[in-house]
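Q: Residue numbers (my numbering): 11 to 214.
Backbone N, C-alpha and C fix where the C-beta goes; we use that ideal spot for every residue, glycine too.
Note that the coordinates shown come from a computational prediction; the quantities given were computed from them, not determined experimentally.
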């Protein structure tokens, strides 16, 4: 796991983004706002610590896809600096027949992972075919296995939860079950819904 700044201009607010599996920060680059943006990815391990964020008036969390459960596991035993938290198309039970990605589907993804299957995956993530991307197949397979091995994350509340009706990665009905009783908003969008938003603030 690593943290890196996408934008750092001594703003009043920092947003920490726990991104998705094998999808870089490019999906967020169009989002506008004054906030500084710190991006986390690669959940093969959860050892990395946040840099010192004590200079910010507000620190917010945006977690997407496998970033949701990975964040919740990472947060255990650490001080919680976040005044608000948004979860987008992810689950605290990431590999789960009723509340996450069905285990058989996940297992097939792990076992058949290749450059070709990754391109198909990206097409499902964005809802349209994507340009060919490079992939370290074995590193990303190891990351998937780490997510599976960690299992369910501790239950916690998010101030906003987004569920896309066109999600082809996490079944929307499973996410609806996973987030019952929380502040859920629904989107007509694919698994990566960020092109439906103009500003970071709109996600919260």
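Could you tell me whether the segment 19–38 touches the segment 48–68, where touching means 3 or more Cβ pairs closer than 8 Å?
A: Result yes; three or more Cβ-Cβ pairs closer than 8 Å.
Q: Among 12, 182, 36, 212, which one has its Cα closest to the Cα of residue 169?
A: Residue 169 has its Cα closest to that of 212, out of 12, 182, 36, 212.
Q: Count the C-beta pairs between the segment 139–153 and the segment 171–188 that are closer than 8 Å, then say yes if the count reaches three, no if not.
A: no
Q: What residues are listed by DSSP as bridge partners for residue 195?
A: Answer is 172, bridged to residue 195.
Q: Rounded to whole angstroms, what's the CA-CA distance from residue 94 to residue 71? Just pull it up for me.
A: 6 Å
Q: In chain order, which beta strand (DSSP E) runs of at least 3 residues are fully inside the segment 138–189?
A: 170–174
Q: Report the rounded CA-to-CA distance for residue 153 versus residue 86, giving the unit in angstroms.
A: 19 Å
Q: So, using beta-carbon positions, are residue 28 and residue 96 closer together than 8 Å?
A: no
Q: Please report the distance separating the alpha-carbon of residue 14 from that of residue 48.
A: 6 Å
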